[in-house]
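Chains S and X, in that order, give the protein sequences.
Residues -8 to 483 in the numbering used here are what the first sequence spells out, letter by letter.
Residues 85 to 180 in the numbering used here are what the second sequence spells out, letter by letter.
Where is the CB? At the ideal position from N, CA and C, for every residue including glycine.
Step one of this worksheet: look at the structure below.
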Amino acid sequence: MSAPPYQIIIGLEVHVQLATQTKLFCRCSTQFGAPPNTQTCPVCTGLPGALPVMNRHAYELALVTARALNCEIPRYTKWDRKQYYYPDLPKGYQISQYDLPMSQHGYLEISDPQDRFEPKRVRVLRAHLEEDAGKSMHDEVAGRADSRIDLNRTGTPLLEIVSEPDMRSPLEAKAYLTELKLLLTYLGVSDCNMQEGSLRVDANVNLWLDVDGERVATPIVEIKNMNSFRAVERALTYEAERQFDVWEETGQRLGDVPKQTRGWDDNACVTKAQRSKEESSDYRYFPDPDLVPVMVTDDQLAVAESQLGELPAALRSRLQREYEVSAYDADVLVNQGRAVVDYFVEAARVSRDPKKASNWIQRDVLRALNESGTNIEDFGVCARNLGELIEQINDGQIPGSRGVEVFHQMREARSTLAEAMETLGITGVDSGELIALCQELLAKNPRVVSDVLNGKEAAVGSLIGQAKKSNPNVDPALVRQTCLDLIRQQST
Amino acid sequence: MSLTREEVERVALLARLELSPDEIERMTSQLSKILDHVEQLGQLDTTDVQAMAHAIEMSNVFAEDQLRAGLSRDDALSNAPKRDEECYRVPAVLGE
Ligand SMILES: [Zn+2]
């Protein structure tokens, strides 16, 4: 596959719902899934005379997120009215932020553990607080072509995070979204549930082409309706090819046509032109006279700073540094979320073998979690028990060949290591016992000893079966090693 | 400063107002007069006056994130020109 004759330029706008109990400017619930129009009040339905008041917690969550995105926090910020008519917008304007957003000029670092792109810093132009609109549902029942409006969601706090057009491939865009979602999850500022609309993504895309040594840009297209990160990746890939075809056909450049909005159709795997709202592109922003500005205080900044905690990027490098796991392993563990990292740290501490703890978690724990659909917090094998299992295998107390069996016994019965071993009839074989057994076997099999001394180490294999017959709890690998060690000691 | 007819038509469209040709004529002259009036402020010397971003001098008014009862559904829907048991009903929103 040859490289396409263009570069893709991608910027992303992410709307994330902040984890508050109540709305941004009134105290109605933000709970998802309530019956329609049961969570509204005069403020969020825009009744005359109602006055909005800023939700303190929403502002604080936005501040923490902005700092985690390395944004500057200007001292002064205010809220503006963005005016347009739509049935799900009862006031006729959305309260948003225009020229003085609460945060700006940050960045998020992305990289790919498989090295498919160079690590890079995606700049964040701004992150601002705004309110959500309601929901309109088209109703075809009985041929009545009405839309039904549910205003429960109206006024829900959103943080809009706008990136600079710094991504150069659909893969980079997906990596940015994955890293952003992970960061938000670590901060606990949003549940990031795309199905419930807590995280929404719009993309701005165009192409750079080289025309006789001159860089030419194609018109920017905004893509909407992408309801998974995978859909974002596919929509961008499709859109780049489509724009190249249009370029070849029309030669249209940036500025030749107004910005177009296209919707992603996940079933047909195409983007489709949306009704243009060019007359409404004039939002006539002005400062909302009902809301007072915010002058951020040193206290508020200090509190936000103290709530950052250890973020994914720092955690990845700490796992590599302190536990000597590979960059790839650190990435897998950190991407599973804070609870899995805590589980790893405890298992590594108890087992004193971080590498094996990481392997066990990736191979056995995560698979079992996936299959059963449980959280690590509810998992049958706690970190301490996994750590002990690894330690006892390393000490030869549990045959390595039976480790997985013990693991699943602990998981199913939610038992301790000792209980699982008892149920499975595994008793520890200490090294004294093991040496005595091997000495006995070697004495009975002088032929094996001479074969090994003649260079045929494989001859030891015939002793393993005999050893297991005599004591089913012995570890085959340890029997083999002990026998070889004893033969060498005897011969010197 | 005088407004053009086209500018008034555009403002009317943005405000979803349907104006007759007569009304457009009248609005064009009335709005122009209002703008002229405001224009007088331009005569003031504001070199030493700090730019103002908001008309209110108060700042940092917050409410705690605590639930409070709002409207019952029936109350919320009671003024709607058209409704059903659960929702406001409006003319079809064209497909997105
Ligand atoms: Zn409300």
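Self-check item: Three-state secondary structure assigned by DSSP to residue 480 (chain S)
Solution: The residue you call residue 480 (chain S) lines up with position 489 of the first sequence. In this structure, DSSP gives residue 480 (chain S) a helical state, which the three-state scheme calls helix.
Quiz item: With distances taken between CB atoms, is the gap from residue 453 (chain S) to residue 436 (chain S) smaller than 9 Å?
Solution: For the purposes of this step, residue 453 (chain S) is taken as residue 462 along the first sequence, with counting starting at 1. For the purposes of this step, residue 436 (chain S) is taken as residue 445 along the first sequence, with counting starting at 1. For the pair residue 453 (chain S) and residue 436 (chain S), the CB atoms are nearer than the 9 Å cut-off.
Quiz item: Unbroken alpha helix (DSSP H) runs of length 4 or more, entirely within the region 423 to 470 of chain S: which are they?
Solution: List check, alpha helix (DSSP H) in window: 437 to 444 and 452 to 461.
Quiz item: Per DSSP, what kind of secondary structure is residue 167 (chain X) in: helix, strand or coil?
Solution: Locating residue 167 (chain X) in the second sequence gives position 83, counting from the first residue. DSSP places residue 167 (chain X) in strand when its eight states are reduced to three.
Quiz prompt | 4 or more residues per run - each alpha helix (DSSP H) lying fully within the region 70 to 132 of chain S | solution = The region 70 to 132 of chain S contains no whole alpha helix (DSSP H) run of 4 or more residues.
Practice problem: Reducing DSSP to helix, strand and coil, say where residue 127 (chain X) ends up. | Solution: Stepping through the second sequence from its first residue, residue 127 (chain X) is reached at position 43. In the displayed model, residue 127 (chain X) falls within a helix according to three-state DSSP.
Quiz item: Considering only residues of the same chain and omitting the five flanking positions on each side of residue 278 (chain S), which have a CB-CB separation below 7 Å?
Solution: In the first sequence, counting from the first residue as 1, residue 278 (chain S) sits at position 287. Once the five neighbours on either side are set aside, the close Cβ partners of residue 278 (chain S) are 69 and 71.
Quiz item: Considering only the beta carbon of each residue, do residue 252 (chain S) and residue 243 (chain S) sit closer than 9 Å?
Solution: On the first sequence, residue 252 (chain S) is found 261 positions in, with the first residue counted as 1. On the first sequence, residue 243 (chain S) is found 252 positions in, with the first residue counted as 1. Not in contact: residue 252 (chain S) and residue 243 (chain S) (Cβ atoms no closer than 9 Å).
Quiz item: What residues sit near ligand 1, counting only those whose C-beta is closer than 6 Å to one of its heavy atoms, in chain order?
Solution: Residues flagged by the Cβ proximity filter: S:14, S:17, S:19, S:31, S:32, S:34, S:35, S:146 and X:154.
Quiz item: Any beta-carbon of chain X closer than 9 Å to the one on residue 82 (chain S)?
Solution: As a position in the first sequence, residue 82 (chain S) is number 91, starting the count at 1. Not one chain X Cβ lies under 9 Å of residue 82 (chain S).
Quiz item: Excluding five sequence neighbours on each side, which residues of the same chain lie with their C-beta closer than 8 Å to the C-beta of residue 299 (chain S)?
Solution: If you number the first sequence from 1, residue 299 (chain S) lands on position 308. Residues of the same chain with a CB within less than 8 Å of the CB of residue 299 (chain S), apart from the 5 flanking positions on each side, are 55, 58, 59 and 178 in chain order.
Quiz item: Does the distance from the C-beta atom of residue 94 (chain X) to that of residue 26 (chain S) stay below 9 Å?
Solution: Looking up residue 94 (chain X) in the second sequence gives position 10. Looking up residue 26 (chain S) in the first sequence gives position 35. Not in contact: residue 94 (chain X) and residue 26 (chain S) (Cβ atoms no closer than 9 Å).
Practice problem: State buried or exposed for residue 470 (chain S), treating a residue as buried only when at least 16 other CB atoms are found within 10 Å of its CB. | Solution: Residue mapping note: residue 470 (chain S) aligns to position 479 of the first sequence, counting from 1. Residue 470 (chain S) comes out buried.
Self-check item: Pick from S:6, S:463 and S:392 that is closest to residue 185 (chain S), judged by C-alpha positions
Solution: The count along the first sequence starts at 1 and reaches residue 185 (chain S) at position 194. When each option's Cα is compared against that of residue 185 (chain S), the closest is S:6.
Exercise. Find the nearest neighbour of residue 149 (chain S) within the set S:52, S:217 and S:398, judged by alpha-carbon distance.
Key: Counted from its first residue, the first sequence places residue 149 (chain S) at position 158. Nearest option by C-alpha distance: S:52.
Quiz item: I think residue 137 (chain S) touches residue 122 (chain X), with their Cβ atoms under 8 Å apart; what is that distance to the nearest whole Å?
Solution: Counted from its first residue, the first sequence places residue 137 (chain S) at position 146. Counted from its first residue, the second sequence places residue 122 (chain X) at position 38. About 43 Å separates the two Cβ atoms, so there is no contact after all.
Quiz item: Cα-Cα, which of S:444, S:358 and S:425 is closest to residue 480 (chain S)?
Solution: Within the first sequence, numbered from 1, the residue matching residue 480 (chain S) stands at position 489. Checking every option, the nearest Cα to that of residue 480 (chain S) belongs to S:444.
Exercise. Would you please verify whether the beta carbon of residue 162 (chain X) is less than 9 Å from any beta carbon of chain S?
Key: As a position in the second sequence, residue 162 (chain X) is number 78, starting the count at 1. No, residue 162 (chain X) does not count as interfacial toward chain S.
Quiz prompt | Collapsed DSSP secondary structure at residue 207 (chain S) in the structure displayed | solution = The residue labelled residue 207 (chain S) in the question sits at position 216 within the first sequence. Assigned with DSSP and collapsed to three states, residue 207 (chain S) falls in strand.
Quiz item: Any Cβ of chain X within less than 9 Å of the Cβ of residue 130 (chain S)?
Solution: Taking the first sequence and counting its residues from 1, one reaches residue 130 (chain S) at position 139. For residue 130 (chain S), the answer is yes, since a Cβ of chain X falls inside 9 Å of its Cβ.
Quiz item: Got a sec: which bits of the region 142 to 159 of chain X sit with their beta carbon under 9 Å from any beta carbon on chain S, in order along the chain?
Solution: Here the close residues are 142, 143, 144, 145, 146, 147, 148, 149, 150, 151, 152, 153, 154, 155, 156 and 157.
Quiz item: Going by the beta-carbon positions, is the gap between residue 226 (chain S) and residue -1 (chain S) smaller than 9 Å?
Solution: Counting from 1 along the first sequence, the entry for residue 226 (chain S) is found at position 235. Counting from 1 along the first sequence, the entry for residue -1 (chain S) is found at position 8. If you check the CB distance, residue 226 (chain S) and residue -1 (chain S) do not come in under 9 Å.
Quiz item: Straight-line CA distance for residue 180 (chain X) to residue 311 (chain S)?
Solution: Position 96 of the second sequence holds residue 180 (chain X). Position 320 of the first sequence holds residue 311 (chain S). The predicted position of residue 180 (chain X) is uncertain, since its pLDDT is 41 and thus under 50; no value can be drawn from it.
Self-check item: Short CB-CB distance (under 9 Å) between residue 98 (chain X) and chain S
Solution: Walking along the second sequence from the start, residue 98 (chain X) turns up at place 14. So yes, residue 98 (chain X) belongs to the interface.
Practice problem: Taking residue 45 (chain S) as the query, report the chain X residues whose CB atoms sit under 9 Å from its CB, ordered along the chain. | Solution: Counted from its first residue, the first sequence places residue 45 (chain S) at position 54. Per Cβ cutoff of 9 Å: 144, 145, 146 and 147.
Quiz item: Over what stretch of residues does the beta strand (DSSP E) that includes residue 241 (chain S) continue unbroken?
Solution: The residue labelled residue 241 (chain S) in the question sits at position 250 within the first sequence. Counting along the chain, residue 241 (chain S) falls outside any beta strand (DSSP E), though it belongs to the alpha helix (DSSP H) covering 220 to 241.
Quiz item: Any contact of the region 407 to 417 of chain S with the region 358 to 371 of chain S, i.e. 3+ C-beta pairs under 8 Å?
Solution: Contact between the region 407 to 417 of chain S and the region 358 to 371 of chain S is absent: fewer than three C-beta pairs spanning the two stretches fall below 8 Å.
Quiz item: residue 189 (chain S): which of S:9, S:220, S:464 and S:319 sits nearest, CA to CA?
Solution: The residue labelled residue 189 (chain S) in the question sits at position 198 within the first sequence. Among S:9, S:220, S:464 and S:319, the Cα nearest to that of residue 189 (chain S) is on S:9.
Quiz item: For residue 286 (chain S), which residues of its own chain have a beta-carbon under 7 Å away from its beta-carbon, when the five flanking residues on both sides are left out?
Solution: Position 295 of the first sequence, counted from the start, is the residue given in the question as residue 286 (chain S). If you ignore the 5 residues before and after residue 286 (chain S), its C-beta comes within less than 7 Å of the C-beta of 66 and 67, all in its own chain and listed in chain order.
Exercise. Please check if any C-beta of chain X sits within less than 9 Å of the C-beta of residue 56 (chain S).
Key: Within the first sequence, the letter at position 65 stands for residue 56 (chain S). No, because no Cβ of chain X sits closer than 9 Å to the Cβ of residue 56 (chain S).
Quiz item: Exposed or buried, what is residue 14 (chain S) when buried is set at 16 or more other beta-carbons lying within 10 Å of its beta-carbon?
Solution: Locating residue 14 (chain S) in the first sequence gives position 23, where the first residue counts as 1. Buried, because 16 or more other Cβ atoms sit within 10 Å of the Cβ of residue 14 (chain S).
Quiz item: For the putative contact between residue 220 (chain S) and residue 169 (chain S), defined by C-beta atoms under 8 Å, what is the C-beta separation to the nearest angstrom?
Solution: Numbered from its first residue, the first sequence carries residue 220 (chain S) at position 229. Numbered from its first residue, the first sequence carries residue 169 (chain S) at position 178. The pair is a contact, with the Cβ atoms about 6 Å apart (cut-off 8 Å).
Exercise. Would you decide whether residue 297 (chain S) is buried or exposed? Buried here means 16 or more other CB atoms lie within 10 Å of its CB.
Key: Taking the first residue of the first sequence as position 1, residue 297 (chain S) is located at position 306. Classification of residue 297 (chain S): exposed, given that the 10 Å Cβ count is below 16.
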